[in-house]
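Start counting the sequence shown at 10; every next residue gets the next number (my numbering). Even for Gly, the Cβ is constructed at its ideal location relative to N, Cα and C.
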Amino acid sequence: MTNLSEIQEKELFNANFQYGRWLSSPPTGEEVVISGMSGRFPECDNVYEFRDNLFNKKEMFTENEKRWKINHPDVKLDAGYFGLHYRQADNLDPSMKVLMETVMEAIMDAGVNPLELKGSKTGVFIAFSCSDVENLTIMGMTEPQKFTVTGYFKSLIAHRLSYFLKLKGPSFIADTACSSSGNALHSAFKSMRSGECENAIVASCMLTIHPGGTIQFFRLGVLSPDRIPKIFDQDANGYVRSEACACILLQKCKNAKRIYAQVINTKVNCDGFKKEGITYPSSKIQEKLMTEIYKESGIKLSEVSYVEAHGTGTQAGDPEEVNAIDRALAKNCEKQLLVGSVKSNIGHTEPVSGLCSIIKVLIAMETGFIPPNINLKRVRKGLEGIEQNRMKIVTEATELLKNDAIVGVNNFGFGGNNCHVILRRFKKQKIDGGLPKDDVPRLICVSGRTNEAVLKILEDVSNKSLDEEYVGLLHQLYKINNPSHLYRGYAVVSKRGVVSMSSKLLPSHRPHFYVFFGQFVNNFRILASYLKKFLIFEYVETRVNQILVLNKVKTFKEILETKTNVDEDALGSVCLQLILVDIIKELKLFPTGVFGDASGKIVAAYYYNVIQLKEAVSTAVKLGKVNSDINLNFQTLSNLMNSKDKNILNEDYSAFLNSMKVSKGTTLLNISDLRLNDEDNLVVENDGLNLLCLLGRLYTEGYHFQVHKLYPQVEFPVSRSTSMISPSIQWNHEKSWYTYKFSEFTSSDADQREYRISYLHEEQQFMKGHCIDGRNLFPATEYLNLVWQTYAQSRRLLTTDIPVLFENCKFIRAVTIPNSGYVKLLVTIQRGTGNFEILEKDSLIVSGRLQICPNASQQQIMLPEFNSFSDDKLEILEQDDIYREFYLRGYNYSGLFKSIKRCTVDASVGLIKWENNWCAFMDNMLQMKILQSDTRLLFVPIAIKKIIIDPLKHIDIVNKQDSEECLLPVYGNKNCNLIQ
Numbered sequence: 010m011t012n013l014s015e016i017q018e019k020e021l022f023n024a025n026f027q028y029g030r031w032l033s034s035p036p037t038g039e040e041v042v043i044s045g046m047s048g049r050f051p052e053c054d055n056v057y058e059f060r061d062n063l064f065n066k067k068e069m070f071t072e073n074e075k076r077w078k079i080n081h082p083d084v085k086l087d088a089g090y091f092g093l094h095y096r097q098a099d100n101l102d103p104s105m106k107v108l109m110e111t112v113m114e115a116i117m118d119a120g121v122n123p124l125e126l127k128g129s130k131t132g133v134f135i136a137f138s139c140s141d142v143e144n145l146t147i148m149g150m151t152e153p154q155k156f157t158v159t160g161y162f163k164s165l166i167a168h169r170l171s172y173f174l175k176l177k178g179p180s181f182i183a184d185t186a187c188s189s190s191g192n193a194l195h196s197a198f199k200s201m202r203s204g205e206c207e208n209a210i211v212a213s214c215m216l217t218i219h220p221g222g223t224i225q226f227f228r229l230g231v232l233s234p235d236r237i238p239k240i241f242d243q244d245a246n247g248y249v250r251s252e253a254c255a256c257i258l259l260q261k262c263k264n265a266k267r268i269y270a271q272v273i274n275t276k277v278n279c280d281g282f283k284k285e286g287i288t289y290p291s292s293k294i295q296e297k298l299m300t301e302i303y304k305e306s307g308i309k310l311s312e313v314s315y316v317e318a319h320g321t322g323t324q325a326g327d328p329e330e331v332n333a334i335d336r337a338l339a340k341n342c343e344k345q346l347l348v349g350s351v352k353s354n355i356g357h358t359e360p361v362s363g364l365c366s367i368i369k370v371l372i373a374m375e376t377g378f379i380p381p382n383i384n385l386k387r388v389r390k391g392l393e394g395i396e397q398n399r400m401k402i403v404t405e406a407t408e409l410l411k412n413d414a415i416v417g418v419n420n421f422g423f424g425g426n427n428c429h430v431i432l433r434r435f436k437k438q439k440i441d442g443g444l445p446k447d448d449v450p451r452l453i454c455v456s457g458r459t460n461e462a463v464l465k466i467l468e469d470v471s472n473k474s475l476d477e478e479y480v481g482l483l484h485q486l487y488k489i490n491n492p493s494h495l496y497r498g499y500a501v502v503s504k505r506g507v508v509s510m511s512s513k514l515l516p517s518h519r520p521h522f523y524v525f526f527g528q529f530v531n532n533f534r535i536l537a538s539y540l541k542k543f544l545i546f547e548y549v550e551t552r553v554n555q556i557l558v559l560n561k562v563k564t565f566k567e568i569l570e571t572k573t574n575v576d577e578d579a580l581g582s583v584c585l586q587l588i589l590v591d592i593i594k595e596l597k598l599f600p601t602g603v604f605g606d607a608s609g610k611i612v613a614a615y616y617y618n619v620i621q622l623k624e625a626v627s628t629a630v631k632l633g634k635v636n637s638d639i640n641l642n643f644q645t646l647s648n649l650m651n652s653k654d655k656n657i658l659n660e661d662y663s664a665f666l667n668s669m670k671v672s673k674g675t676t677l678l679n680i681s682d683l684r685l686n687d688e689d690n691l692v693v694e695n696d697g698l699n700l701l702c703l704l705g706r707l708y709t710e711g712y713h714f715q716v717h718k719l720y721p722q723v724e725f726p727v728s729r730s731t732s733m734i735s736p737s738i739q740w741n742h743e744k745s746w747y748t749y750k751f752s753e754f755t756s757s758d759a760d761q762r763e764y765r766i767s768y769l770h771e772e773q774q775f776m777k778g779h780c781i782d783g784r785n786l787f788p789a790t791e792y793l794n795l796v797w798q799t800y801a802q803s804r805r806l807l808t809t810d811i812p813v814l815f816e817n818c819k820f821i822r823a824v825t826i827p828n829s830g831y832v833k834l835l836v837t838i839q840r841g842t843g844n845f846e847i848l849e850k851d852s853l854i855v856s857g858r859l860q861i862c863p864n865a866s867q868q869q870i871m872l873p874e875f876n877s878f879s880d881d882k883l884e885i886l887e888q889d890d891i892y893r894e895f896y897l898r899g900y901n902y903s904g905l906f907k908s909i910k911r912c913t914v915d916a917s918v919g920l921i922k923w924e925n926n927w928c929a930f931m932d933n934m935l936q937m938k939i940l941q942s943d944t945r946l947l948f949v950p951i952a953i954k955k956i957i958i959d960p961l962k963h964i965d966i967v968n969k970q971d972s973e974e975c976l977l978p979v980y981g982n983k984n985c986n987l988i989q
């Protein structure tokens with residue numbers, strides 16, 4: 010092969026340049042923006058805590074062994090929200106557990122309900138390098154179930170999110186070591202610009218559950234021996250491994266409700282071969298990457314306000330990168346270039362590091378200040394750009410200049426993969442802290458997995474000054490009902506503070522809600538004066554006024570301003586009620602029923618679309634012209650209306666009120682002058698403020714409606730510095746799930762497996778039938794079965810392939826299986842000797858010896874076979890007789906442990922049903938031994954001298970059975986103390 014000619018190289022460069030220019034020059038509205046973010050960082054549960062710790066210069070890395078000394082209280086999962094089978098939740102990679110919730114938070118932070126993404130071309134781009142526990146868990150899995158593969162294969166991290174959210178875009182894992190999240194963002198950005206995606210989820214997680222990886226990196230020589238990341242410092246001696254989980258949501262600018270930053274461009278390259286070795290960074294290739302991306306993007310280097318460096322603190326990495334930044338950017342800048350690295354604060358989160366850097370930059374853009382680096386005492390010699398003042402490391406909170414500041418982010422992989430991302434700050438600034446121009450209180454309706462989750466959001470709203478943009482995001486987030494949210498709450502908040510707040514568990518059946526319209530001439534002005542504050546009122550009033558003008562009467566506004574006039578008041582009251590009906594319809598609030606009396610029947614007819622608005626208003630106009638003393642009966646209203654369907658006019662409101670008496674807990678909105686008093690039901694009269702509280706109460710009862718329609722439309726995207734939503738999201742973590750816990754490194758000549766016994770596991774529920782003296786005791790034969798399984802699995806074999814010999818088995822203590830929860834048993838088999846032990850809570854409960862027995866048939870003592878139970882001279886016990894005897898002795902067997910179908914009176918011969926269960930079959934054999942004892946005393950096995958199990962011969966006998974019930978003959982010799 011020959012090298013590319015100069016002409017070919019030039020053509021390739023031009024093609025790459027044009028492609029990069031196209032990526033960075035989208036049409037208006039097509040810009041790719043970051044609209045949501047969420048994360049968990051060292052010592053931080055959310056982005057706000059991360060922000061505060063950064064500005065407070067807190068070291069967020071802790072003592073080296075903390076992760077391996079705890080039971081991982083931070084690895085939690087709300088399995089119910091994601092609809093996960095309880096066994097899948099137990100068999101789920103810890104990273105996946107944390108990541109799934111973090112992704113949902115980032116989506117909601119953008120003001121997007123996750124249900125809105127269903128069926129959309131949303132891509133899932135997950136940066137994931139390796140799992141500390143994948144192989145350990147898969148190899149140690151002893152339960153015969155299918156959830157391990159779907160829980161630990163890393164490709165499923167992306168696919169499970171696409172599956173849950175019902176997404177149709179690309180879904181894959183990016184693994185380039187430390188630059189994984191940079192590559193994931195690069196792929197997402199290209200997919201969105203090409204039209205392959207309309208949204209993109211970019212996320213990553215890193216947990217150090219097992220210290221094995223840390224030891225290997227230490228041996229590689231890249232970790233700091235003193236566990237302090239001294240980025241750019243003279244004494245820098247390596248990085249500190251750290252943990253994080255982070256997610257950002259990308260959207261097109263035209264669709265975003267919030268913008269943290271615009272992604273101008275991304276670019277990746279690779280070092281290729283280096284004589285220093287694969288892990289050594291290449292300053293030359295890093296310089297090439299940064300030079301090309303800024304030229305392709307058409308950005309003047311003097312426009313770059315800050316560069317978030319990869320900066321890990323390694324002796325090779327920092328000088329190579331700083332000098333590359335200097336040559337590519339700083340030397341050509343007209344001003345000093347600010348530089349920093351978040352790894353000085355949190356350590357190196359490896360595949361998540363790019364997202365951690367980006368979130369730090371977004372914090373700077375939102376707050377207006379760049380968080381400082383820490384642990385810098387003396388700048389490392391040889392960093393020419395810093396020494397010659399072309400570059401400055403940010404060591405104090407420093408203002409981020411320019412309203413549309415441009416920031417570069419480096420993300421490099423230790424195998425030679427390099428990424429660079431250019432972000433532009435969102436320019437829209439908040440005016441007056443987002444305070445509404447009107448004085449209308451805001452109703453905020455939210456839902457959550459727990460009552461605490463609901464109150465957290467409501468309290469966050471209440472504790473801040475009223476921001477209509479933040480409220481607008483919440484309105485958008487909760488405008489779609491989320492069936493997995495079991496709790497709801499509302500708050501009515503004004504500029505002066507909280508007016509009302511409440512939360513509760515959703516009822517299983519929502520109570521009835523009725524609206525009653527009646528004669529309303531006395532109070533309609535009071536309600537109108539309140540409702541007209543809402544923008545929706547003005548919109549609906551306009552439609553009514555157009556019809557009033559056609560009827561050559563005063564507009565509704567003019568009626569309100571006119572002093573008391575009987576005819577006009579009658580017209581005005583009906584018009585107000587019609588306006589209220591349209592408001593209810595606009596909100597998409599659906600009452601159980603709407604009823605009317607007198608003129609209110611016109612309004613009820615309009616609600617049910619019996620008549621249109623034009624006819625309803627025209628009828629009200631006619632009503633205002635008739636004698637005020639006229640009786641508004643069916644015939645009168647019928648004569649005034651043109652509609653053919655007039656049945657609704659004939660309904661008696663008193664019958665409706667009587668029906669309310671029967672239905673307890675009903676809510677009634679009374680829009681009439683009639684005072685309705687009901688001790689058993691909530692009656693809301695014509696108080697405007699109470700209407701908001703009523704809507705909130707209806708929401709908590711299960712009614713869903715579009716709250717945002719009440720208020721002026723918020724201009725999206727919201728302004729910069731609008732409060733985040735993701736830190737307020739909480740989950741239901743009442744249920745804890747299994748997570749691997751490192752205890753110690755073992756180097757021994759033993760096979761070892763841990764078993765978790767629980768009735769929650771379907772295949773272990775058969776042991777409920779082993780009930781002795783009222784207790785569910787763990788069967789002695791199942792101990793032997795676990796030892797057999799452990800031996801087989803350690804050799805990658807099936808138990809049915811291995812004939813075994815058990816000797817000197819001692820059952821030291823009985824173990825009771827709880828109805829809920831787990832029993833953990835640790836089985837250890839010494840290689841060579843075959844001696845085994847079973848421990849429960851560090852206490853020895855069973856011991857013995859196990860050997861392979863290839864010549865099992867030769868070691869067995871063959872008892873004479875029994876021909877038939879049909880001999881009339883034999884005294885035979887049937888199954889009912891056998892287990893009645895056992896019951897009298899205190900054995901409450903059931904299920905598979907009740908499988909002796911018949912036997913002789915002396916229990917020398919019996920027939921036991923084979924149910925493909927070794928434990929139950931062997932226990933039934935032991936039951937034959939118990940029957941040979943002529944006593945009513947209670948016995949449990951405490952020792953077995955010898956057991957030979959020949960599975961191949963056993964299966965051969967089973968296969969030769971002709972009957973539907975596989976009944977196998979069992980023989981016992983009381984004198985020889987033998988059963989076979």
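Worksheet item: With 16 other CB atoms within 10 Å as the buried threshold, where does residue 958 fall?
Response: Answer is buried; the Cβ neighbour count reaches 16.
Discussion item. Which residue wins for smallest C-alpha separation from residue 352, given the options 382, 264 and 852?
Written reply: When only C-alpha atoms are compared, the closest one is 382.
Worksheet item: For residue 427, which residues does DSSP report across the bridge?
Response: In the DSSP output, where bridge partners are listed per residue, residue 427 has 278 and 421.
Fill in: Proximity winner among 780, 783, 853 and 528, relative to residue 684 (alpha-carbon distances)
528 is the residue among 780, 783, 853 and 528 whose C-alpha sits nearest the C-alpha of residue 684.
Worksheet entry | One or two residues paired with residue 400 in a DSSP bridge | Residue pairing by DSSP places residue 400 opposite 346 in a beta bridge.
Practice prompt. Go ahead and pull the three-state DSSP assignment for residue 91.
Written response: The answer is helix: DSSP assigns residue 91 an H, G or I state.
Discussion item. Mapping the DSSP letters down to three states, classify residue 530 as helix, strand or coil.
Written reply: Residue state, collapsed to three classes: coil.
Worksheet item: Could you give the distance in angstroms between the alpha-carbon of residue 579 and the alpha-carbon of residue 632?
Response: Roughly 7 Å between the two C-alpha positions.
Worksheet entry | Boundaries (first-last residue) of the alpha helix (DSSP H) holding residue 2 | Because the chain here runs from 10 to 989, residue 2 falls outside it and cannot be looked at.
Worksheet item: With distances taken between CB atoms, is the gap from residue 210 to residue 132 smaller than 8 Å?
Response: Yes. Within cutoff.
Item to complete: Could you name the residues of the same chain whose beta carbon sits closer than 6 Å to that of residue 341, not counting the 5 residues immediately before and after it, in chain order?
Response: Excluding positions up to five away in sequence, the list reads 310.
Practice prompt. Less than 8 Å between the CB atoms is what I'm expecting for residue 910 and residue 920, so what's the real figure, rounded?
Written response: Right, their Cβ atoms sit about 5 Å apart.
Worksheet item: Can you tell which of 946, 332 and 429 has its C-alpha closest to the C-alpha of residue 198?
Response: Of the listed residues, the one whose Cα sits closest to residue 198 is 429.
Worksheet item: Considering residue 472, what are the terminal residues of the alpha helix (DSSP H) in which it resides?
Response: Judged by DSSP secondary structure, residue 472 falls within the alpha helix (DSSP H) whose first and last residues are 460-472.
Practice prompt. Kindly indicate which three-state DSSP category residue 111 falls into: helix, strand or coil?
Written response: Residue state, collapsed to three classes: helix.
Worksheet entry | Contiguous alpha helix (DSSP H) assignments of at least 4 residues, all confined to the region 149-185 | Counting whole runs of 4 or more residues, the region 149-185 contains the alpha helix (DSSP H) stretches 156-161 and 164-174.
Practice prompt. Figure out for me which residue from 773, 111 and 972 has the closest Cα to the Cα of residue 794.
Written response: Out of 773, 111 and 972, 773 has the C-alpha closest to the C-alpha of residue 794.
Fill in: Residue closest to residue 379, alpha-carbon to alpha-carbon, out of 168, 316 and 333
The residue with the shortest Cα to Cα distance from residue 379 is 316.
Worksheet item: What's the gap between the Cα of residue 247 and the Cα of residue 330?
Response: Residue 330 has its alpha-carbon roughly 15 Å from the corresponding atom of residue 247.
Worksheet item: Who pairs with residue 271 in a beta bridge, going by DSSP?
Response: The partner list for residue 271 (beta bridge, DSSP) reads 42 and 433.
Worksheet item: What is the DSSP secondary structure of residue 789, reduced to helix, strand or coil?
Response: It is helical.
Item to complete: To the nearest angstrom, report how far apart residue 642 and residue 605 are at their CA atoms.
Response: In this predicted model, residue 642 has a pLDDT of only 48, less than 50, meaning its place in the structure is not dependable; the value taken from the coordinates is given anyway. Each residue's alpha carbon lies about 12 Å from the other.
Worksheet item: Taking the Cβ atom as the reference point for each residue, do residue 526 and residue 680 lie within a distance shorter than 8 Å?
Response: Yes, the pair counts as a contact, with Cβ atoms nearer than the cut-off.
Practice prompt. In the DSSP assignment, find the unbroken beta strand (DSSP E) run with residue 723 in it and report its ends.
Written response: Neither: residue 723 is in no beta strand (DSSP E) and is coded neither H nor E.
Worksheet item: Who are the near neighbours of residue 390 in its chain, counting only those whose CB is closer than 7 Å to its CB and skipping five residues on each side?
Response: Listed in chain order, the non-local C-beta contacts of residue 390 below 7 Å within the same chain comprise 243, local neighbours out to five positions each way being set aside.
Discussion item. I'd like to check one pair, residue 156 with residue 81: are the Cβ atoms closer than 8 Å?
Written reply: No, the Cβ-Cβ distance between residue 81 and residue 156 is not below 8 Å.
Worksheet item: What residue range is occupied by the uninterrupted beta strand (DSSP E) comprising residue 844?
Response: First-last of the beta strand (DSSP E) with residue 844: 844-849.
Worksheet entry | Same chain, Cβ closer than 8 Å to residue 104, neighbours up to 5 away in sequence not counted | These residues qualify, in order along the chain: 137, 140, 166, 214, 215, 216 and 254.
Worksheet item: By the 10 Å Cβ neighbour count, where 16 or more other Cβ atoms means buried, how is residue 842 classified, buried or exposed?
Response: It counts as exposed.
Worksheet item: Beta-carbon separation of residue 48 and residue 56 under 8 Å?
Response: Contact: yes.
Worksheet item: Any contact of the region 715-730 with the region 439-446, i.e. 3+ C-beta pairs under 8 Å?
Response: Touching, per the Cβ criterion.
Worksheet item: Thinking C-alpha only, which one of 567, 781 and 519 is nearest residue 538?
Response: The shortest Cα separation from residue 538 among 567, 781 and 519 belongs to 567.
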